[in-house]
Amino acid sequence: MSVPRSRVVDLMKVQCKIFSTAFNPERVRTGNKILRQRLKGPALAAYYPRKVATINDIRKAYPGLLTWNEKEEDRLESVAITKARGKGAPKKKRTAAESKKFKGKKKVATDDAA
Numbered sequence: 005m006s007v008p009r010s011r012v013v014d015l016m017k018v019q020c021k022i023f024s025t026a027f028n029p030e031r032v033r034t035g036n037k038i039l040r041q042r043l044k045g046p047a048l049a050a051y052y053p054r055k056v057a058t059i060n061d062i063r064k065a066y067p068g069l070l071t072w073n074e075k076e077e078d079r080l081e082s083v084a085i086t087k088a089r090g091k092g093a094p095k096k097k098r099t100a101a102e103s104k105k106f107k108g109k110k111k112v113a114t115d116d117a118a
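Here it is in structure tokens:
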């Protein structure tokens, strides 16, 4: 003896009302499992400690105070060393005429004597 489908669907409706779940007789993927989970944003935001003041923040707040930024000093020193070796960044153009000076085909050196 089998139970008619309409009776089973009615039972599912009542069951969903009682247990406050989504009624989905066609078993379509709705994403309710994901939507019921707790939000992860606050936990991820609290994972890293809050940002404290940096040397640049202190320097901006108190411009008259003499501060020392060791990372910046190391960076400037390495830039000076690379420029001394000729490996530094090229100079920036100041006018349109300067930029035109470097445009055009590059000359290729050929050895005719060989």
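The opening position of the sequence shown corresponds to residue 5 in this note's numbering, with each subsequent residue numbered one higher. Using N, Cα and C, we set each Cβ at its ideal position, and we do this for glycine too.
Determine the direct distance from the alpha carbon of residue j to that of residue i, and round the result to whole angstroms.
i   : j   : result
D61 : K55 : 11 Å
P67 : L43 : 43 Å
R89 : A47 : 49 Å
L15 : G45 : 38 Å
V32 : A65 : 58 Å
S82 : Q41 : 51 Å
P8  : I38 : 33 Å
P53 : K75 : 22 Å
In chain order, what residues of the same chain have a beta carbon less than 6 Å from the beta carbon of residue i, not counting five sequence neighbours either side?
i   : result
N73 : I59
A26 : N36
Hey, would you say residue i sits closer than 8 Å to residue j, going by beta carbons?
i    : j   : result
T86  : G92 : yes
P29  : V13 : yes
R63  : T71 : yes
S103 : K97 : yes
Sorted by chain position, which residues of the same chain lie with C-beta nearer than 8 Å to residue i's C-beta, five sequence neighbours on each side aside?
i   : result
T34 : A26 and N28
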